[in-house]
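Colleague: Following this message is one structure expressed as structure tokens.
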Amino acid sequence: MFRNKQSNPLHYIAVLTALFTFTLSANAQELRGKVVDSANTSSPIIGANVVWKGTSIGTATDATGSFVLQKQDAISPEIVVTYIGYTPDTIQVTGKDFVSIPLAASGSLKEVVVEGQQTRYSSLTPTNSQIITSRDLEKSACCNLAESFETNASVEVSTTDAVSGAKQIQMLGLDGSYTLLTTDNIPSLRGLATPYRLNYLSGTYIQSIDIIKGTGSVLNGYESVSGQVNVMLKDPAKAERLFVNVYGNSLARFDANVNVATEVGDKWSTILMLHTDQLHNRVDRNKDGFMDLSLGTQYNMFNKWKYEHKAVVSEFGVGALRETRIGGQMEYDENTLQEEQPYYGTESETDRLTAYNKTSYTFPGKPYQSIGAITSLTHHKFDAQYGLRNYDGEQNSGSARLIFQSIIGHTGHTYKAGLSYNYDSYTETLTDSTFGRTERVPGAFLEYVYNNSNNLTIVAGSRLDFHNLYGTIFTPRLNVKFDATPTTIFRLAAGKGFRVANPVAENTAALVSSRAIDFREELQPEEAWNLGGSFTHYFELGGRPGTFVTDYYYTTFTNQVVADMYTDPKRVMFYNLSGRSFSKSFQAEVQYEVLKGFDVKAAYKYFDVKTTYSGQLVQKPMIPEHRFFVNLGFATPFDKWRADLTTQYFGLMPLASIEDSGAAMNMRESDRFFTTNAQVTRAFKRWEVYVGGENLLNYRQPNPIVGASDPFGSNFDASMVWGPITGRVIYAGLRFKID
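Right, here's the structure in full:
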């Protein structure tokens, strides 16, 4: 399906050499420091608590008084240092990679209460970044990654079709395939995992989620176009010793999770995380003869180890998953042979294995200089049936990165340089057609950051990759952060993204229809430029903290694999972009603590997303032009009671035609609708009990399946899903923790 493209790499090597001379690279991801006694600076303070202000994320100093914090955990450029018998101190760390903190002994011991603003937009990072904390994750059912964004306005989650149960995320008005999804900053859940990848990561595995708008850093590769979602898995050294979560809802879905963490000697720690979800109850509330939600069984395991000794830190983990799904008509019998089956159904079976390692070494006496290696392996096998169609795929992937970090003169000029290698082998079968490809991509990258330790950060980066199928790939990126005042921040971002599409895996919704699959030509890789910026202002009103953020991003494609469901209602056509394709995204959000313990988030989003279909530039289907979001959160002292309410408004969405009227681009529109979710949590010493509801207004898309009465007929189409299908869902659960 894809056409090879070769080019001379010597020219690009010269370009990269020049860039190495004149530019660039990214800011250090760690803050290191040492806490000492102010009366005797040669005397380290052992066991001092160091946390990011406004969070509970931190660490304790070791036997030398040293500590390490991850910058992505910060929501404010300040750390709070406390130790019994010493006066607490708050340190400004903007632009710093290493700090030395002298604590003064206090005259008497007093209770110390540290309070901070729960701002979710980081003021430290040069990119437009938002943090979803572990507390945010507990505001909803959060059984998997798809449900982790319910109280967040920046990322949308939508159902791809009305039968199979597949979901996808959207960012900046673009499909989730244009968002780089990483776990612990390692690209993952990509390629053939796309249709169901949001179900493959349990919410109980997650420590926090970083949402980065724009192309982001070149360190993680060239595939990011609209942004990056980085999922930080729980740290074995910091996680609860035991965590248990059980969940059940009114559709008879049940989830169970167990995490066990422990230290193994002085240098090792490990966490074993287990997850299963089960749904075996067939429900048809809209009486169209089809199950409203696909049945499913998943067993999921992840084991993570961490080694820390002096200058060496190493992590490695292994994961395994097996999932089966069944959807379709209520009478569908999965035990009947496909050719003898009188009812329409979908089936899928996934087997997935993953492994990774991250190891870093910090040079003695040089906390700013380190070298690290990151490797990962993935095996993903997916077998599926959509009515009379079969779609099977297998992906084997491996990646390796070597990264060196240091300074140029002083910590105001830092850089990261490295080498990478990516391997992907794909084999796919669609009914009687078999296709595949093997990608081998060695590359080199460089990032440089200038920080004047006051109000300006410039991060510039580029990478050069040599693709065995598509020639040389040059990827430049730039991020600029300017602090007009300590509470007012401007950011600019520009960069290029490159990716090889997997058109069938990324459009499985089209398989749940009678549409013919039509590849019109050899498909080229996708390339796009992203340009945007944001304005962030932290304020106080009535003595209460708040944040206002607005951003605008423009993405334009130089090539795109177009999935055309507009031109012909009887087929979906895949071809290379011929014309314009772009996305304009605007978002304004305010967060404010109205009363102590009562927080409000409100956001408005505007999308203008257009693509050229068969020569005509029209709105991309199923993307609302206007969207509103409101989240209310309340917590009593010590979080004894917590309550959250989230309401979203979705405006009109263009829809592809379902009838052949003879007129080109015959379009229709969706309805406008609201959704409301709520949850109440009661906390005890080690127990938490929660009760909640999703889609409490019980809005359901009318007739989500076209031609449901004749699913093997020529008019059947379950891919035009733009609203909720299942209606109101009530759930309850409990959590048990031992720290």
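Residue 141 in our numbering is what sits at position 154 of the sequence shown, and the numbering runs on without skipping anything. Ideal Cβ positions, reconstructed from N, Cα and C, are used throughout, including at glycine.
1) Does the Cβ-Cβ distance between residue 108 and residue 534 come in under 9 Å?
2) Taking the beta carbon of residue 508 as the centre, do at least 16 other beta carbons fall within 10 Å, making it buried, or is it exposed?
3) Express the C-alpha separation of residue 179 and residue 383 in angstroms, rounding to a whole number.
4) Have a look at residue 281 and residue 312 and give me their C-alpha separation to the nearest angstrom.
5) Please state whether DSSP places residue 259 in a helix, a strand or coil.
6) Buried or exposed: where does residue 258 fall if 16 or more other Cβ atoms within 10 Å of its Cβ makes it buried?
7) Mapping DSSP to helix, strand and coil, what is residue 709?
8) Relative to the alpha-carbon of residue 80, which residue among 238, 517, 73, 56 has its alpha-carbon at the smallest distance?
9) At what residues does the beta strand (DSSP E) containing residue 124 begin and finish?
10) By Cβ distance, which residues of its chain are closer than 6 Å to residue 362, with the 5 residues on each side in sequence left out?
11) Is residue 473 buried or exposed, if buried means 16 or more other CB atoms sit within 10 Å of its CB?
12) Below 9 Å between beta carbons: does that hold for residue 202 and residue 478?
13) In this structure, how does DSSP classify residue 614 when only helix, strand and coil are distinguished?
14) With respect to the beta strand (DSSP E) encompassing residue 316, which residues constitute its N-terminal and C-terminal limits?
15) Can you look up residue 511 in the DSSP assignment and give me helix, strand or coil?
16) Compute the Euclidean distance between the alpha carbons of residue -9 and residue 604, then round it to the nearest angstrom.
17) Spatial neighbours of residue 292 within its chain, please: CB distance less than 6 Å, with the 5 preceding and 5 following residues excluded, ordered by chain position.
18) Go through its chain and collect everything with a Cβ distance to residue 480's Cβ below 6 Å, but skip five positions before and after it.
19) Can you check which of these residues, 681, 332, 475, is closest to residue 699 by C-alpha distance?
20) How big is the Cα-Cα spacing for residue 91 and residue 162?
21) Can the beta-carbon of residue 451 be found less than 9 Å from the beta-carbon of residue 430?
22) Touch check for the segment 566 to 573 and the segment 590 to 607: three-plus C-beta pairs under 8 Å?
23) Ignore the nearest five residues each way along the sequence and tell me which others in residue 301's own chain have a CB closer than 6 Å to its CB.
24) Evaluate residue 697 with the Cβ neighbour count: other Cβ atoms within 10 Å of its Cβ, from every protein chain shown; 16 or more gives buried, anything less gives exposed.
25) Between the beta-carbon of residue 496 and the beta-carbon of residue 164, is there less than 9 Å?
26) Please give the ranges of any beta strand (DSSP E) in the segment 222 to 276, keeping only runs that are unbroken, at least 3 residues long and fully inside the region.
27) Where residue 102 and residue 583 are concerned, what is the direct C-alpha to C-alpha distance, given to the nearest angstrom?
28) Would you report the Cα separation of residue 374 and residue 297, rounded to the nearest angstrom?
29) Going by beta-carbon coordinates alone, are residue 538 and residue 565 separated by less than 9 Å?
30) Could you pull the DSSP bridge partners for residue 81 from this structure?
31) Which two residues bound the contiguous beta strand (DSSP E) that contains residue 336?
32) Just curious, the beta strand (DSSP E) that residue 534 is in, first and last residue?
33) Assign residue 526 to buried or exposed, taking buried as 16 or more other Cβ atoms, counted over all protein chains shown, within 10 Å of its Cβ.
34) With three or more beta-carbon pairs closer than 8 Å as the criterion, would you say the segment 110 to 125 touches the segment 584 to 591?
35) Would you mind working out which of 328, 426, 197 sits nearest residue 411, comparing C-alpha positions?
36) What beta strand (DSSP E) runs, 3 residues minimum, are completely inside the segment 439 to 525?
Modeller: Let me lay it out:
1) Yes, Cβ-Cβ distance for residue 108 and residue 534 is below 9 Å.
2) exposed
3) 10 Å
4) The alpha-carbon atoms of residue 281 and residue 312 are separated by roughly 6 Å.
5) strand
6) buried
7) coil
8) 56
9) No beta strand (DSSP E) contains residue 124, which is instead part of the alpha helix (DSSP H) from 121 to 124.
10) 344, 387
11) exposed
12) no
13) strand
14) Neither: residue 316 is in no beta strand (DSSP E) and is coded neither H nor E.
15) Here residue 511 sits in coil by DSSP.
16) At residue -9 the pLDDT is 47, less than 50, meaning the model places this residue with poor confidence and gives no usable figure here.
17) So the list reads 257, 303, once near-sequence residues are dropped.
18) So the list reads 201, 466, 519, once near-sequence residues are dropped.
19) 332
20) 53 Å
21) yes
22) yes
23) Excluding sequence positions up to five before and after residue 301, its CB lies within less than 6 Å of the CB of 294, 346, all in the same chain and listed in chain order.
24) Counting Cβ neighbours within 10 Å, residue 697 comes out exposed, since fewer than 16 surround it.
25) No, the pair does not count as a contact, with Cβ atoms beyond the cut-off.
26) Within the segment 222 to 276, the complete beta strand (DSSP E) runs of at least 3 residues are 229 to 236, 240 to 251, 255 to 266.
27) Residue confidence for residue 102 is low, a pLDDT of 40 falling below 50, so the modelled location carries little weight; the figure read from the coordinates is stated next. Those two C-alpha atoms are separated by around 11 Å.
28) Whole-angstrom Cα-Cα distance: 58 Å.
29) No, the Cβ-Cβ distance between residue 538 and residue 565 is not below 9 Å.
30) Residue 81 is not bridged to any residue.
31) 332 to 349
32) Element bounds for residue 534: 531 to 546.
33) exposed
34) In short, these stretches do not touch, since the Cβ pair count stays below three.
35) With respect to the C-alpha of residue 411, the residue from 328, 426, 197 having the closest C-alpha is 426.
36) 443 to 454, 458 to 472, 475 to 486, 503 to 506
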